[in-house]
Amino acid sequence: MVDSAINWLFVDLNSYFASIEQELCPELRGQPIAIVPIRVEAQTGCCIAVSYQAKAYGVKTGFSVADAKLLCPYIILVEARPRLYVEYHHRIAAAIERCIPIQQVMSCDEFACQLLGRERTLLRATAIAYEIKRELRTVGITLRCSVGLAPNRLLAKIAGDMQKPDGLMIFERRYLPQALYSLELADIPGIGKRMEQRIHAEGIATMRELCALTRERMHSIWGGVLGDRLWLWLRGEDFLEPPARPLQTLSRQHILPPNCRTPDKARAVALKLLHSTARKMRRNDLWAGGLSLQVGFYDHVAFACNVRIEPCHDPYTLQEHLIAVWPRVPAYTPSDISVALTHLDLAPSPDLFGIDPFSEPNAKQRVVTALDTINARYGLNTVYLGSIHQVRKEAPTRIPFGPPPPLEEFDDTADKLRTPRGPRGIRASDLPRVQRKMPTSGGSV
Numbered sequence: 001m002v003d004s005a006i007n008w009l010f011v012d013l014n015s016y017f018a019s020i021e022q023e024l025c026p027e028l029r030g031q032p033i034a035i036v037p038i039r040v041e042a043q044t045g046c047c048i049a050v051s052y053q054a055k056a057y058g059v060k061t062g063f064s065v066a067d068a069k070l071l072c073p074y075i076i077l078v079e080a081r082p083r084l085y086v087e088y089h090h091r092i093a094a095a096i097e098r099c100i101p102i103q104q105v106m107s108c109d110e111f112a113c114q115l116l117g118r119e120r121t122l123l124r125a126t127a128i129a130y131e132i133k134r135e136l137r138t139v140g141i142t143l144r145c146s147v148g149l150a151p152n153r154l155l156a157k158i159a160g161d162m163q164k165p166d167g168l169m170i171f172e173r174r175y176l177p178q179a180l181y182s183l184e185l186a187d188i189p190g191i192g193k194r195m196e197q198r199i200h201a202e203g204i205a206t207m208r209e210l211c212a213l214t215r216e217r218m219h220s221i222w223g224g225v226l227g228d229r230l231w232l233w234l235r236g237e238d239f240l241e242p243p244a245r246p247l248q249t250l251s252r253q254h255i256l257p258p259n260c261r262t263p264d265k266a267r268a269v270a271l272k273l274l275h276s277t278a279r280k281m282r283r284n285d286l287w288a289g290g291l292s293l294q295v296g297f298y299d300h301v302a303f304a305c306n307v308r309i310e311p312c313h314d315p316y317t318l319q320e321h322l323i324a325v326w327p328r329v330p331a332y333t334p335s336d337i338s339v340a341l342t343h344l345d346l347a348p349s350p351d352l353f354g355i356d357p358f359s360e361p362n363a364k365q366r367v368v369t370a371l372d373t374i375n376a377r378y379g380l381n382t383v384y385l386g387s388i389h390q391v392r393k394e395a396p397t398r399i400p401f402g403p404p405p406p407l408e409e410f411d412d413t414a415d416k417l418r419t420p421r422g423p424r425g426i427r428a429s430d431l432p433r434v435q436r437k438m439p440t441s442g443g444s445v
């Protein structure tokens, strides 16, 4: 029982953003499409997601629009609709939980489920995997997922990446680590380019060689306990990392579009990024003790400034600090902006005499509470500070790599249903159907 126990089930949605668009627009089904940011006409724009039909032409997530069109001239560019993807994320989570509780939402399209009791048998774990696949079809007929089953969460995620689309992969402890020998080093989460170079510098080029290392050697290569954890995980040991440290910094950054590359517009965008970051800080019941601003330029060295402030969490005080810093920004053409709230902590403690200055909400706090409540109910920026009026549609909320932000962080007007178009204004329904053979595996969005 110990050697065959399956402790984790990992669900990975296949080409998630693209699949949602194909679900909402039937004319896109079976067509090569790429999800792009808001300005679809920019040839230097990035494909943040692609359908499997586009992957058949060699187009990958992260390609520029120009490179994607070179490989697939009739690729259809679809403007991203983040709010809809998050709405479907919640529907999918509910569908999964009709089969098994979700232990952790890893990202907008990844879910980790811990198996207990009889669920840990191979037969029952496999049955649950197929139940999830069937339940997913009730959310959308175009939606597919790959499922990984393994003794621990890391191996379950790796297994979920190995069979795409619509696959099921199982790692049993009795076959580890030999079952991993066919993988590349970069297939292991946490081994990026720099880590891979460090491993190669130690004379290790394959997964077989990595798995043959002693625990002490892996500790040395990783420079700490992470090497010990990975050595155990690759052999099927099941344990989770210690709880993460409380948030110390929250930040947002934005590449400025051409219409915002003036000092006044750039300052307004910086303020909007600040307000967005402050909302997230308040949702986590934190106060900021510092503010960081960085402004990049096309032909000059970037400006960076960090200031310590009295702990606060209302946007008015934070805005005052940023406005006070802004005159120090050089008057060059700005290219990008990053704003961060630092030295985050819980609400300040009472003073030496036991008097808590924050026990009774003051006028600013009452206004902030009302502002957040109205926007949460009626939509983002229903009420906003006048300082961002000119750029209230700029720097829209995007979906991060981790768990998605709440729905109230998205502007409803940005996600209205629209008809995607192909190159030169050709309608998607007029494009030739893709006849190329679909790949048997590939990355997810």
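Numbering (UniProt numbering), first residue to last: 1 to 445. All C-beta atoms, glycine included, are put in the ideal place defined by N, C-alpha and C.
Look at the alpha carbon of residue i and the alpha carbon of residue j, and state the distance between them as a whole number of angstroms.
i, j, result
"Thr342", "Pro257", "27 Å"
"Phe10", "Glu119", "14 Å"
"Glu79", "Arg173", "44 Å"
"Trp287", "Leu250", "11 Å"
"Tyr181", "Arg194", "21 Å"
"Asn381", "Asn375", "6 Å"
"Gly397", "Ala324", "Reading the sequence as shown, one finds Thr at residue 397 and not Gly. Distance between the alpha carbons of Thr397 and Ala324 is about 26 Å."
"Gly289", "Pro327", "21 Å"
"Val36", "Val329", "31 Å"
"Val301", "Glu394", "24 Å"
"Arg215", "Arg245", "26 Å"
"Gln365", "Glu408", "20 Å"
"Ser64", "Lys55", "14 Å"
"Phe401", "Pro165", "20 Å"
"residue 447", "Met162", "Coverage of the chain is limited to positions 1 through 445, which leaves residue 447 absent and any answer about it impossible."
"His200", "Leu213", "13 Å"
"Glu209", "Cys305", "46 Å"
"Ala5", "Thr277", "43 Å"
"Ile100", "Arg83", "25 Å"
"Leu123", "Ile170", "11 Å"
"Leu183", "Ala268", "48 Å"
"residue 482", "Lys69", "Lying outside 1 to 445, the shown extent of the chain, residue 482 is not represented and no answer is given."
"Asp345", "Ile399", "25 Å"
"Gly190", "Ile158", "11 Å"
"Pro242", "Ala347", "25 Å"
"Gly379", "Arg81", "15 Å"
"Ile355", "Leu168", "Per-residue confidence for Ile355 stands at a pLDDT of 49, beneath the threshold of 50, marking its modelled position as unreliable; the derived number appears in the next sentence. Looking at the two C-alpha atoms, the distance is approximately 59 Å."
"Arg418", "Phe410", "Any answer about Arg418 is weak, because its pLDDT of 47 lies below 50 and its placement is not dependable; what the coordinates show is given next. Computed Cα separation, rounded: 17 Å."
"Gly117", "Leu226", "29 Å"
"Leu77", "Thr61", "13 Å"
Leaving aside the five residues before and after residue i along the sequence, list all residues of the same chain whose C-beta is less than 7 Å from its C-beta, in chain order.
i, result
"Arg29", "Gln22 and Thr142"
"residue 446", "Missing from the structure shown is residue 446; the chain here goes from 1 to 445 and no further."
"Leu71", "Tyr57, Gly58 and Val59"
"Phe111", "Val11, Ala93, Ile96, Ile102 and Val105"
"Glu202", "Ile221"
"Arg252", "Leu273, Ser276, Thr277 and Val339"
"Asp238", "Asn7, Pro151 and Asn152"
Counting only the same chain and skipping the five closest in sequence on each side, list residues whose C-beta sits under 8 Å from that of residue i.
i, result
"Glu360", "Its pLDDT being 47, under 50, Glu360 is placed unreliably by the model, and the measurement read from it follows with that caveat. Excluding residues within five positions, none has a Cβ falling inside 8 Å."
"Leu176", "Pro151, Leu155, Leu234, Arg235 and Gly236"
My guess is that residue i and residue j are in contact by the Cβ rule of under 8 Å, so how many angstroms apart are they, rounded?
i, j, result
"Thr333", "Tyr298", "5 Å"
"Leu293", "Leu322", "6 Å"
"Arg254", "Ile337", "Reading the sequence as shown, one finds His at residue 254 and not Arg. Indeed they touch by this definition, with Cβ atoms about 6 Å apart."
"residue 457", "Trp231", "One cannot answer for residue 457 here, as it falls past the ends of the chain, which runs 1 to 445."
"Ala34", "Cys25", "Actually they do not touch by this definition, with Cβ atoms about 14 Å apart."
"Lys265", "Gln178", "That belief does not hold up - the Cβ atoms of Lys265 and Gln178 are roughly 58 Å apart, past 8 Å."
"Arg279", "Asp372", "7 Å"
Tell me whether the beta-carbon of residue i lies closer than 8 Å to the beta-carbon of residue j.
i, j, result
"Pro404", "Val86", "yes"
"Ala129", "Val147", "yes"
"Leu185", "Met207", "yes"
"Leu13", "Asp109", "yes"
"Leu291", "Ser387", "no"
"Tyr52", "Ser107", "no"
"Ala18", "Ala66", "no"
"Tyr88", "Ile132", "no"
"Pro406", "Ala331", "no"
Once the 5 residues before and after residue i are set aside, which same chain residues still bring their CB inside 6 Å of it?
i, result
"residue 533", "Only positions 1 to 445 of the chain appear in this structure, which leaves residue 533 out of reach."
"Val295", "Phe303, Val329, Pro334 and Ile337"
"Arg282", "His313"
"Arg308", "Gly290"
Please decide whether residue i counts as near chain C, where near means a Cβ-Cβ distance under 8 Å.
i, result
"Ala127", "Here chain C cannot be found, since the structure has a single protein chain."
Fill in: Completely contained alpha helix (DSSP H) runs for the segment 230 to 289, where each covers 4 or more residues
263 to 283
Worksheet item: Which runs of the beta strand (DSSP E), 3 residues or longer, sit entirely within the segment 52 to 136?
Response: 76 to 79, 104 to 107 and 110 to 114
Discussion item. Just to confirm the assignment: which complete beta strand (DSSP E) runs, minimum length 3, are found wholly within the segment 157 to 215?
Written reply: 168 to 170
Discussion item. Could you tell me which whole alpha helix (DSSP H) segments of length 4 or greater appear in the segment 300 to 374?
Written reply: 315 to 325
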